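Student: Residue numbers (our numbering): 79 to 180. Yeah, the Cβ is synthetic: ideal placement off N, Cα and C, and Gly gets one too. Remember, it's a predicted structure, so these values are computed and weren't measured experimentally.
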(Lines of atoms letter the chains of each structure in order from A and count residues from 1; the text may use other names and numbers.)
(Lines give C-alpha, C1' and ligand atoms only; values in the text may rest on other atoms or scores of the structure.)
Protein backbone atom coordinates (compact mmCIF):
# COMPACT_ATOMS: atom_id res chain seq x y z
CA UNK A 1 0.00 0.00 0.00
CA UNK A 2 1.49 3.29 -1.07
CA UNK A 3 1.27 6.75 0.40
CA UNK A 4 -1.32 9.23 -0.78
CA UNK A 5 -0.22 12.50 -2.41
CA UNK A 6 -0.94 14.36 0.83
CA UNK A 7 1.14 11.89 2.86
CA UNK A 8 4.05 12.11 0.40
CA UNK A 9 3.91 15.91 0.54
CA UNK A 10 3.84 15.80 4.37
CA UNK A 11 6.92 13.56 4.49
CA UNK A 12 8.73 15.59 1.81
CA UNK A 13 8.01 18.87 3.63
CA UNK A 14 9.31 17.43 6.89
CA UNK A 15 12.54 16.35 5.18
CA UNK A 16 12.99 19.73 3.51
CA UNK A 17 12.34 21.56 6.80
CA UNK A 18 14.52 19.12 8.79
CA UNK A 19 11.61 18.50 11.13
CA UNK A 20 10.04 15.33 12.50
CA UNK A 21 6.45 14.99 13.73
CA UNK A 22 7.61 15.17 17.36
CA UNK A 23 9.61 18.36 16.78
CA UNK A 24 13.08 16.80 16.60
CA UNK A 25 15.45 17.45 13.70
CA UNK A 26 16.31 14.47 11.49
CA UNK A 27 19.70 14.03 13.20
CA UNK A 28 18.35 14.38 16.77
CA UNK A 29 18.15 11.12 18.68
CA UNK A 30 15.95 10.20 21.61
CA UNK A 31 17.79 9.55 24.85
CA UNK A 32 18.66 5.89 25.38
CA UNK A 33 19.31 3.89 28.55
CA UNK A 34 20.25 0.20 28.38
CA UNK A 35 20.40 -1.92 31.53
CA UNK A 36 21.54 -5.54 31.60
CA UNK A 37 20.71 -8.25 34.14
CA UNK A 38 17.49 -6.61 35.36
CA UNK A 39 15.61 -9.88 36.06
CA UNK A 40 17.59 -11.93 38.59
CA UNK A 41 15.57 -15.15 37.97
CA UNK A 42 16.41 -15.12 34.23
CA UNK A 43 19.45 -16.55 32.48
CA UNK A 44 19.78 -13.20 30.72
CA UNK A 45 17.75 -10.00 30.65
CA UNK A 46 17.82 -6.39 29.50
CA UNK A 47 15.75 -3.22 29.67
CA UNK A 48 15.94 -0.55 27.00
CA UNK A 49 14.43 2.88 27.42
CA UNK A 50 14.38 4.92 24.22
CA UNK A 51 12.59 8.21 24.75
CA UNK A 52 9.21 7.26 26.20
CA UNK A 53 9.43 3.68 24.91
CA UNK A 54 10.32 1.07 27.54
CA UNK A 55 11.13 -2.52 26.50
CA UNK A 56 12.13 -5.39 28.78
CA UNK A 57 13.26 -8.82 27.65
CA UNK A 58 14.28 -11.89 29.64
CA UNK A 59 15.50 -15.34 28.62
CA UNK A 60 15.41 -18.43 30.81
CA UNK A 61 17.14 -21.63 29.77
CA UNK A 62 16.87 -25.03 31.43
CA UNK A 63 18.49 -28.30 30.40
CA UNK A 64 16.13 -31.25 30.64
CA UNK A 65 16.15 -34.97 29.92
CA UNK A 66 14.91 -36.14 26.50
CA UNK A 67 11.83 -38.34 26.38
CA UNK A 68 12.31 -42.12 26.23
CA UNK A 69 10.52 -42.23 22.85
CA UNK A 70 13.02 -39.74 21.33
CA UNK A 71 16.25 -39.97 23.35
CA UNK A 72 18.34 -38.09 20.78
CA UNK A 73 15.86 -35.26 20.18
CA UNK A 74 15.81 -31.95 21.99
CA UNK A 75 13.08 -29.42 22.45
CA UNK A 76 13.06 -25.66 22.41
CA UNK A 77 9.98 -23.94 23.78
CA UNK A 78 9.42 -20.23 23.26
CA UNK A 79 6.85 -18.13 25.04
CA UNK A 80 6.14 -14.44 24.77
CA UNK A 81 4.42 -12.16 27.23
CA UNK A 82 3.36 -8.74 26.04
CA UNK A 83 2.09 -6.02 28.34
CA UNK A 84 -1.34 -4.55 27.67
CA UNK A 85 0.34 -1.14 27.85
CA UNK A 86 2.07 -2.01 24.55
CA UNK A 87 -1.29 -2.40 22.84
CA UNK A 88 -4.79 -3.04 24.23
CA UNK A 89 -5.04 -6.20 22.10
CA UNK A 90 -2.56 -7.83 24.52
CA UNK A 91 -4.84 -7.43 27.53
CA UNK A 92 -5.19 -10.71 29.41
CA UNK A 93 -3.49 -13.47 27.43
CA UNK A 94 -3.32 -11.65 24.11
CA UNK A 95 0.36 -12.38 23.44
CA UNK A 96 0.04 -16.17 23.50
CA UNK A 97 0.08 -16.47 19.71
CA UNK A 98 3.51 -14.82 19.53
CA UNK A 99 5.32 -17.80 21.09
CA UNK A 100 5.59 -21.32 19.81
CA UNK A 101 7.27 -24.64 20.21
CA UNK A 102 10.07 -25.71 17.88
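1. Do the stretch 163-171 and the stretch 140-153 touch if we need at least three Cβ pairs shorter than 8 Å?
2. Return the CA-CA distance between residue 112 and residue 134, expressed in angstroms with no decimal places.
3. Near residue 90, what residues of its chain come up, given a Cβ to Cβ distance below 7 Å and the 5 sequence neighbours on each side ignored?
4. From which residue to which residue does the beta strand (DSSP E) around residue 122 run?
5. Does the stretch 107-122 come close enough to the stretch 82-97 that 3 or more CB-CB pairs lie under 8 Å?
Tutor: The answer reads as follows:
1. no
2. Walking along the chain shown from the start, residue 112 turns up at place 34. Walking along the chain shown from the start, residue 134 turns up at place 56. Residue 112 and residue 134: Cα-Cα distance of roughly 10 Å.
3. Position 12 of the chain shown, counting from 1, holds the residue named residue 90. Nothing meets the Cβ criterion.
4. The residue you call residue 122 lines up with position 44 of the chain shown. Start and end: 122-128.
5. no
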